[in-house]
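What follows is a set of notes on a single structure, which appears directly below.
2 protein chains.
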Amino acid sequence: MAVKERIRVGGRSARIQSAVHEAVTRLGAATPRDELTVPQIAAAAGVTPSTIYRRWGDLSALFADVAVQRLRPISDPEDTGSMTSDLRAFIEQFMEEMSSPVGRELMRDVFSQPGDAHSAQCGCFTTDHLKTIAERARARGETPFDVDEVIDHVIAPIIYHILYGGRKVTLDYCHALLDRIRSLPQKN
Amino acid sequence: MAVKERIRVGGRSARIQSAVHEAVTRLGAATPRDELTVPQIAAAAGVTPSTIYRRWGDLSALFADVAVQRLRPISDPEDTGSMTSDLRAFIEQFMEEMSSPVGRELMRDVFSQPGDAHSAQCGCFTTDHLKTIAERARARGETPFDVDEVIDHVIAPIIYHILYGGRKVTLDYCHALLDRIRSLPQKN
DNA sequence: GCCTTAATGCAAATTATTTGCGTTAAGATT
DNA sequence: AATCTTAACGCAAATAATTTGCATTAAGGC
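These protein sequences, in sequence, are chains G and W. The first sequence begins at 1 in the working numbering and counts up by one. The second sequence begins at 1 in the working numbering and counts up by one.
Printed below as a string of structure tokens:
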């Protein structure tokens, strides 16, 4: 069952959606994932279980829905004055959010859904931020970086190592990846 | 519940494990993931559901266990005579396996597990193959590539785009990634 | 060949999920 | 503003999945 894109935004439906989301977030912080149940979440949100089953289908779809919302940025990346430092600040924050226990859990929730609707949405969050930084640089008169290049050679390695856990992802590692980007001034 | 590392390898226990794995693979090919149930798999494998619950805990743990087994390589990467072509052949095969519908499903099963035990194992499969190719090159007298570099700048982007689905991953794209690797002869 | 014990099968008990139907409230129509 | 239409909800019964206690089987040690 596909997650409904919250038709009828203002009113009971939206109230329930947010109550359920909050219940998932709150309970999820206190309980390991595989011990959360639909009836438990429903009780915490003050709705009947059947409402959750009908709207989201199952737990994993609900988790994925919540995860995408929580990964959705609430503001544009910070303007630090120059493209290089904008990008570095964004990458540092991105890495720290994604490599945290919560971040890793949210990614798992997103990836565990069939199809790539959810993950594509999260990918866009990153791409959009990078485009914003690049566009801002262009407006300043700086030569912007290639967004695809940053995705491929900075974002992708970071995500890869967070997912596979084979290497500790540190700030130094991120800086080294950034230094490797073509069309970006080496050693800012 | 953690998946037991098949203690008592030869006998009933192993027979059941393989029967269940086969049932998952067979039913999984014919049925969408979210319609598979433990009782159904148990029936197909000729065991009682409680056996599956006790050994694997739940469906997602069972799927992850099966996925790791199916992603485990059965042989070393092919020896094509030179490092550059060995690496290219491996990357091409890796990409095609991982980007196929089955490959994507297996990755989802692996990533949806808490902790990174399963994903780390799969990461090792790739790293080990690359090390094998590099070692073989060294034995030939060639200057080997840096395995970490290939992981970061060839494997990671491929996996990233498969997961997020934002860009079609083609052979040409893989070749472009390979060409970008330092310490590798450009244009073989 | 016997002994110990982990793993399984079975069935009962519990819990989760689905479903039918009456009710509520959002948004449209007049 | 009152009414209409219908998607979404709550409730409860029906179904299905999961857990658990106990008896049984067979693997590996002696």
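We put the CB at the ideal spot given by N, CA and C, even for glycine. No experiment lies behind these values; they were computed from the predicted model shown.
Taking a Cβ-Cβ threshold of 7 Å, the residues of chain G close to Asp152 of chain W are Pro157, in chain order.
The beta carbon of Arg72 of chain W sits closer than 7 Å to the beta carbons of Phe125 from its chain, once the five residues preceding and following it are set aside; these are given in chain order. One alpha carbon belongs to Glu97 of chain G, the other to Arg12 of chain W, and they sit about 46 Å apart.
In the structure shown, Arg88 of chain G falls within a helical segment according to DSSP collapsed to helix, strand and coil. At a cut-off of 8 Å, the C-beta of Gly28 of chain G has no neighbouring C-beta in chain W. The Cβ atoms of Arg138 of chain W and Asp79 of chain W do not sit closer than 8 Å to each other. With its beta carbon less than 8 Å from one in chain G, Asp58 of chain W belongs to the interface. At a cut-off of 8 Å, the C-beta of Tyr164 of chain G has a neighbouring C-beta in chain W. Contact note: Tyr160 of chain W reaches chain G through Gly123, Ile151, Asp152, Ile155, Ala156, Pro157, Ile159, Tyr160, using a C-beta cutoff of 9 Å and chain order.
Taking 8 Å as the cut-off, the beta carbon of His153 of chain G is found no closer than this to the beta carbon of Ile133 of chain G. No Cβ of chain W is located within less than 8 Å of the beta carbon of Phe94 of chain G. In this model, Asp179 of chain W and Val66 of chain G are separated by some 40 Å (Cα to Cα). With 16 or more other Cβ atoms inside 10 Å of its own Cβ, Ser112 of chain G counts as buried. Ranked by how close their Cα comes to the Cα of Tyr173 of chain W, the residues W:Gly166, W:Asp58, W:Ile158 have W:Ile158 in first place. Thr127 of chain W is positioned such that its CB atom lies closer than 8 Å to that of Val147 of chain W.
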